[in-house]
Structure formats: structure tokens, C-alpha cells
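Asks:
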Amino acid sequence: MLSWVGLTDFGDAAAMLPAAALIALWLAADRAWHQAALWCLGFAASALLVALSKIAFLGWGIGIEAIDFTGISGHTMLAVAVLSVGAYVSLHDRGRAIQLAGAALGAVGGIWIGLSRLVLHLHSMSEVLVGGVVGATLAASFIWGGRYANSARLRPAVLGALLLLMLATIHGERAPTEDLLTRVALALSGRPEPYSHTLWRAEAAAPLP
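Following the working numbering, the numbering of the sequence shown begins with 20 at its first residue and continues without gaps.
Rendered as C-alpha cells:
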């Protein structure tokens, strides 16, 4: 049985970024230029939003104490977006209803990965919810942003098999994203160490001078 740690590893950037790139390459190979551009731009914007929210907290302690929000859950955003869009494109030749059902099932898988972040106390409810909303928005923008006619040169099911194989192969790898974001935050803010939840709450609880 897959543990919560094993489940959360599927949402790591080490697995999700290559999967997102594979989707983009598949769309480009199928000459679905509009969809490929829509996916790449939407994905880049969503990833940047996640990164900025984390940098803002690590470097300046910017967050929302009332809802325990210190940055968007990247695992949740990536999992919801990649799994739902991956399923949608992989079922391209199965009809719209089946495509949407596959996308919904992928989104549920992403939500489970978000739940694992809660169970492991790696994110708060608000951070996971926002991550899910950002990922779902990206997926919905792609799905309803335009359709394309499959050229029949590529079998969509092959993409699904490749994605599953990739996720199974890379599973367990960890991308150094947190370390990278911390370095960027410290370089920009000039702080000697990043903000932590403990420091953040201590400063918030301190009486005003």
C-alpha cells in the first residue's frame, strides 16, 4: 500500500516538470501549436505564481496569519494541473465526455496528493486549497481554451503510457526547488536566514512598539 510520503512524492517537481514538458512536446509533435503554447504559457505563469508566493514569505515573511498561509502548495498545483491535462490529452480520441471524465479523475488524483501534504504537515489547508485552485484554473484554461483535431499520426494512448512510465520511473526523486527558492529569497531580501513559521508567528504575536 502506498504511504503518504510515497503519494506526496508524485507531486514533486522532479516528476511533474518532466511530465509537463512531455505534454508540451506531444502537442507540438501533433502540430497542435495553439494548445502547446496555451499549456506552456499557462504552466509558466502558474509556476511563477507559486514561486513568488514562496519567495515573498521566505525573504520578507509575507503571508496571511489568519488562515496560516505562507505560500501556494506547488505539489498540489502541479499534480492537479499535470494529471488532469495529461489524462485529457491522452484520451483525445475517446470523445469529449470521456476526456472530461479523465481530466476530473486526474484532478482527484492531484487533490489526493494535496491531501498528503496536509497529513504530513507540510502545508496548511489554505495553502493546499489555493494550490488546487491554481492547478484547476490552469487545466480548465487549457481544456476550454480551444480544441484541436488529432492528425492521426500520434496515438493519444501512447502519451498516457509514457506519462505513467515516466512517473513510475522518476517517483521518489526530489527536486531542489525549496533550496533554490530560499537562495533567491535571501539574495533579494538581504536576510541572513529565511523566515520560518516559528519566527513568523513570533513576530506576528509581538506587541507593536
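Don't be surprised by glycine CBs; every beta carbon is placed ideally from N, CA and C.
On the three-state DSSP scale, how would you describe Phe88?
Replies: Here residue 88 corresponds to residue number 69 of the sequence shown, with the count starting at 1. DSSP places Phe88 in strand when its eight states are reduced to three.
Asks: Could you tell me whether the Cβ atoms of Ala32 and Leu139 are closer together than 8 angstroms?
Replies: Walking along the sequence shown from the start, residue 32 turns up at place 13. Walking along the sequence shown from the start, residue 139 turns up at place 120. In this structure, Leu139 does not lie closer than 8 angstroms to Ala32 by Cβ.
Asks: Could you check the C-alpha separation between Ser15 and Thr217 for me, to the nearest Å?
Replies: In the structure as shown, the chain starts at 20 and stops at 228, and residue 15 therefore has no counterpart that could be examined.
Asks: Can you give me the C-alpha to C-alpha distance between Ala48 and Leu36, rounded to a whole angstrom?
Replies: The residue labelled residue 48 in the question sits at position 29 within the sequence shown. The residue labelled residue 36 in the question sits at position 17 within the sequence shown. C-alpha separation (whole angstroms): 18 angstroms.
Asks: What separation, rounded to the nearest whole angstrom, lies between the Cα atoms of Leu105 and Gly125?
Replies: Taking the first residue of the sequence shown as 1, we reach residue 105 at position 86. Taking the first residue of the sequence shown as 1, we reach residue 125 at position 106. It should be pointed out that residue 105 corresponds to Gly in this sequence rather than to Leu. Each residue's Cα considered, the two are about 8 angstroms apart.
Asks: Using a threshold of 8 angstroms, state whether the C-beta atoms of Ala43 and Ala34 are closer than that.
Replies: Mapped onto the sequence shown, residue 43 falls at position 24. Mapped onto the sequence shown, residue 34 falls at position 15. No, they are not a contact pair.
Asks: Compute the distance between the beta-carbons of Ser143 and Phe76, then report whether it is under 8 angstroms.
Replies: As a working mapping, residue 143 is identified with position 124 in the sequence shown. As a working mapping, residue 76 is identified with position 57 in the sequence shown. In this structure, Phe76 does not lie closer than 8 angstroms to Ser143 by Cβ.
Asks: For the alpha helix (DSSP H) holding Ala98, just list the boundary residues, first then last.
Replies: Working through the sequence shown from its first residue, we reach residue 98 at position 79. Looking at the DSSP string, the run of the alpha helix (DSSP H) that includes Ala98 is 93-109.
Asks: Given this structure, state the Cα-to-Cα distance separating Pro211 from Glu197, to the nearest angstrom.
Replies: Reading the sequence shown from its first residue, position 192 is the one you call residue 211. Reading the sequence shown from its first residue, position 178 is the one you call residue 197. Rounded to the nearest angstrom, the two C-alpha atoms are 16 angstroms apart.
Asks: Nearest-angstrom Cα distance between Gly133 and Ser145?
Replies: What you label residue 133 is simply residue 114 of the sequence shown in a count that begins at 1. What you label residue 145 is simply residue 126 of the sequence shown in a count that begins at 1. Rounded to the nearest angstrom, the two C-alpha atoms are 11 angstroms apart.
Asks: Taking the alpha-carbon positions, what's the Arg127 to Trp52 distance?
Replies: For this step, residue 127 is matched to residue 108 along the sequence shown. For this step, residue 52 is matched to residue 33 along the sequence shown. One point to set straight first is that residue 127 is Val, not Arg, in the sequence displayed. Their Cα atoms are separated by approximately 28 angstroms.
Asks: In the structure shown, what three-state DSSP assignment does Ile83 receive?
Replies: In the sequence shown, the residue the question calls residue 83 occupies position 64. Here Ile83 sits in strand by DSSP.
Asks: By DSSP, does Phe76 sit in helix, in strand, or in coil?
Replies: Translated into the one-based positions of the sequence shown, residue 76 becomes position 57. Residue state, collapsed to three classes: helix.
Asks: Determine whether the beta carbon atoms of Phe161 and Leu57 lie at a separation below 8 angstroms.
Replies: Position 142 of the sequence shown, counted from the first residue, corresponds to residue 161. Position 38 of the sequence shown, counted from the first residue, corresponds to residue 57. For Phe161 and Leu57, yes; Cβs fall inside 8 angstroms.
Asks: For Ser230 versus Leu182, is the C-beta spacing smaller than 8 angstroms?
Replies: Residue 230 cannot be examined here, being either before or after the span of the chain that is shown, 20 to 228.
Asks: Could you tell me how far apart the beta carbons of Thr95 and Arg136 are, in whole angstroms, since I believe they sit closer than 8 angstroms?
Replies: In the sequence shown, counting from the first residue as 1, residue 95 sits at position 76. In the sequence shown, counting from the first residue as 1, residue 136 sits at position 117. The Cβ separation is near 6 angstroms, so the contact holds.
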